[in-house]
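K.L.:
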Amino acid sequence: MMQRTRTGLIALLIAACLVMVLASLMIGRADLSVGQVWREWRSGLSPSEAPALGILVQQRLPRTLAALLAGCGLALAGCAFQALLRNPLATPYTLGIASAGAFGAWTATILVQGFGYSLAVLGPRPVQMLAFLCAALDMAIVYGLAARGKRLSPAVLLLAGVTLGMLANAGILLMRYLADPERLVQMDRWLMGGVDVLGSEPITILFVGVVPCSLVLLAQGAKYDQLSFGAEMAAGRGVHVRRLQLVTFIIGSLMTAVIVSVVGPIGFVGLIVPHAVRSISGSRHRILMPLSALAGGAFLCLCDIIARKVATGEFPIGIITSLAGGPFFLYLLMRRRFTDWEM
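1054 is the number that the numbering used here gives to position 315 of the sequence shown; each next residue is one higher, with no gaps.
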């Protein structure tokens, strides 16, 4: 019976993800129909000649893929950090990774575009590279402060992460002060988060950054299950705890930095999605992690649809996720869904 329930749950989430992807492709300021797109595609017209097909391929498809990849990555990173630290508040945001990555992206943008400095040493993608380096530095400092022999101190980790996140936010304020007004408006909009990307380049960056990292984290699911019994018991069962910690921190910070550099900081996805899925599927990470990834992608696609339709213009998706995520997270708290971490 349990196996049937889990199989049905997986099928339901896959179906929901596919429905959200299809809806995201069709719904917007100009709603499309499947029949209209199909007729234009069958006619042999190019996207530049067919209006509906052009909107689908050039606008809707990139942002839908961006929402899907970013949602999957953020939810999976949040689930992995919560499993590793056995702390329901441990996400790339509460640990300061997202703020550090955003500070890196801001710094690269201001130095290159605002002051004309050359960051060629960082390669052809200085914004993404500096975002990753700042996020990795944040995680290295947090890890170094929280490490206590073979264990991590959850209290020190959260305090260090929050403190470094506040420092990164102060750095962002400094970059805002140095930016010219036109660029300030653009970067402020980016800080609110958005998947309104165009072209294949941002999608390629997200794909290369999210898919391999997700596969690595998904492969650790059985080890996270062992770790839930405690670090010493997991080590006794053959889990190399320190290696697992390093892999999770490095891969999680890399994936978060890539996502933040492309779509900006989008909050609450890595916090509420794993908890919502856990309340349905249980705490076995071999099941919880892939379901969280699917639910995260579907959730961000849904938020993007709402962001397009809620007003005449277009809301930043980060506002939608916060408005939806905050009350839902309080609901989960009131329902006491954190029993797995209660001591």
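Note that the Cβ used here is the ideal one computed from N, Cα and C, for glycine as well.
Only a predicted model underlies this, so the values are computations on that prediction, with no experimental measurement involved.
#1: Closest by CA to G843, which one among H979, N826 and N908?
#2: Does DSSP classify R825 as helix, strand or coil?
#3: Would you tell me roughly how many angstroms separate the C-alpha atoms of G1064 and Q775, rounded to the nearest one?
#4: Can you list, in chain order, the residues of its chain whose CB lies under 8 angstroms from that of L993, leaving out five sequence neighbours each side?
#5: Three or more C-beta pairs closer than 8 angstroms, one from the stretch 902-916 and one from the stretch 829-840: is that the case here?
#6: Work out the CA separation of C1042 and G883 for me, nearest whole Å.
#7: Can you tell me where the alpha helix (DSSP H) with D1090 in it begins and where it stops?
#8: Output yes or no for whether 8 angstroms exceeds the beta carbon distance between A769 and C1040.
#9: For V936 and P801, which I take to be in contact (beta-carbon distance under 8 angstroms), what is that distance rounded to the nearest angstrom?
#10: Starting from H1024, trace the alpha helix (DSSP H) in both directions and tell me its first and last residue.
#11: Thinking just about the alpha-carbon of each residue, which of H1014, A1046, P1029 and V1049 is nearest to the one in P827?
#12: Between the alpha carbons of L957 and S782, how many angstroms are there, rounded?
#13: G1065 by DSSP, collapsed to three states: which one?
#14: Considering only the alpha carbon of each residue, which of L930, I753 and V955 lies closest to R1054?
#15: Could you please give me the residues that DSSP links to L891 through a beta bridge?
#16: Closest by CA to I849, which one among C818, Y916, A814 and A894?
#17: Does the beta-carbon of P941 have 16 or more other beta-carbons within 10 angstroms, so that it is buried, or is it exposed?
#18: At the level of alpha carbons, what is the spacing between V773 and I836?
#19: State the CB to CB distance for the pair R1023 and D964, rounded to an integer number of angstroms; the pair is presumed to be in contact (CB under 8 angstroms).
#20: Could you name the residues of the same chain whose beta carbon sits closer than 8 angstroms to that of I880, not counting the 5 residues immediately before and after it, in chain order?
#21: Measure how close the beta-carbons of L1030 and L757 come, nearest whole angstrom, since I'm counting them as under 8 angstroms.
#22: Can you tell me whether G747 is buried or exposed, with buried defined as 16 or more other CB within 10 angstroms of its CB?
#23: Is the separation between the beta-carbon of I794 and that of R1047 shorter than 8 angstroms?
#24: Taking just the CA atoms, how far does V1001 sit from V950?
#25: Identify whether Q959 lies in helix, strand or coil by the three-state DSSP scheme.
P.N.:
In terms of the structure at hand:
#1: For the purposes of this step, residue 843 is taken as the residue at position 104 of the sequence shown. Nearest C-alpha to G843: N908.
#2: By 1-based counting over the sequence shown, the position of residue 825 is 86. Residue state, collapsed to three classes: coil.
#3: Your numbering for residue 1064 matches position 325 in the sequence shown. Your numbering for residue 775 matches position 36 in the sequence shown. Their backbone Cα atoms lie some 35 angstroms apart in a straight line.
#4: Here residue 993 is taken as the residue at index 254 of the sequence shown, counted from 1. Once the five neighbours on either side are set aside, the close Cβ partners of L993 are F871, A874, A875, G948 and C952.
#5: yes
#6: The residue given as residue 883 occupies position 144 in the sequence shown. The residue given as residue 1042 occupies position 303 in the sequence shown. For G883 and C1042, the distance between alpha carbons rounds to 36 angstroms.
#7: Beyond the ends of the chain as shown, which are 740 and 1082, falls residue 1090; an answer cannot be given.
#8: On the sequence shown, position 30 is the one that residue 769 refers to. On the sequence shown, position 301 is the one that residue 1040 refers to. Not a contact, by the Cβ cut-off of 8 angstroms.
#9: The residue you call residue 936 lines up with position 197 of the sequence shown. The residue you call residue 801 lines up with position 62 of the sequence shown. Indeed they touch by this definition, with Cβ atoms about 5 angstroms apart.
#10: As a position in the sequence shown, residue 1024 is number 285, starting the count at 1. Unbroken alpha helix (DSSP H) run through H1024: H1024 to K1048.
#11: Here residue 827 refers to the residue found at position 88 of the sequence shown. For P827, the nearest C-alpha among the options comes from H1014.
#12: Within the sequence shown, numbered from 1, the residue matching residue 957 stands at position 218. Within the sequence shown, numbered from 1, the residue matching residue 782 stands at position 43. Rounded to the nearest angstrom, the two C-alpha atoms are 42 angstroms apart.
#13: As a first step, residue 1065 must be located in the sequence shown, where it is residue number 326. G1065 falls in the helix class under three-state DSSP.
#14: On the sequence shown, position 315 is the one that residue 1054 refers to. A small fix is needed here, since residue 1054 is Phe in this sequence, not Arg. Selected option, being the one with the closest Cα: L930.
#15: Here residue 891 corresponds to residue number 152 of the sequence shown, with the count starting at 1. Partner(s): A886.
#16: Here residue 849 refers to the residue found at position 110 of the sequence shown. Closest option to I849, Cα to Cα, is Y916.
#17: The residue you call residue 941 lines up with position 202 of the sequence shown. Result: buried.
#18: For this step, residue 773 is matched to residue 34 along the sequence shown. For this step, residue 836 is matched to residue 97 along the sequence shown. Those two C-alpha atoms are separated by around 40 angstroms.
#19: For the purposes of this step, residue 1023 is identified with residue 284 of the sequence shown, where counting begins at 1. For the purposes of this step, residue 964 is identified with residue 225 of the sequence shown, where counting begins at 1. With a Cβ gap of about 6 angstroms, R1023 and D964 count as contacting.
#20: Along the sequence shown, one-based indexing puts residue 880 at 141. These residues qualify, in order along the chain: A899 and L903.
#21: Here residue 1030 refers to the residue found at position 291 of the sequence shown. Here residue 757 refers to the residue found at position 18 of the sequence shown. Between L757 and L1030 the Cβ distance is about 14 angstroms, and since that is not below 8 angstroms, they are no contact.
#22: As a working mapping, residue 747 is identified with position 8 in the sequence shown. When all chains shown are included, G747 counts as exposed.
#23: Locating residue 794 in the sequence shown gives position 55, where the first residue counts as 1. Locating residue 1047 in the sequence shown gives position 308, where the first residue counts as 1. In this structure, R1047 does not lie closer than 8 angstroms to I794 by Cβ.
#24: Here residue 950 refers to the residue found at position 211 when the sequence shown is read from its first residue. Here residue 1001 refers to the residue found at position 262 when the sequence shown is read from its first residue. Rounded to the nearest angstrom, the two C-alpha atoms are 15 angstroms apart.
#25: As a first step, residue 959 must be located in the sequence shown, where it is residue number 220. Q959: coil per DSSP, three-state reduction.
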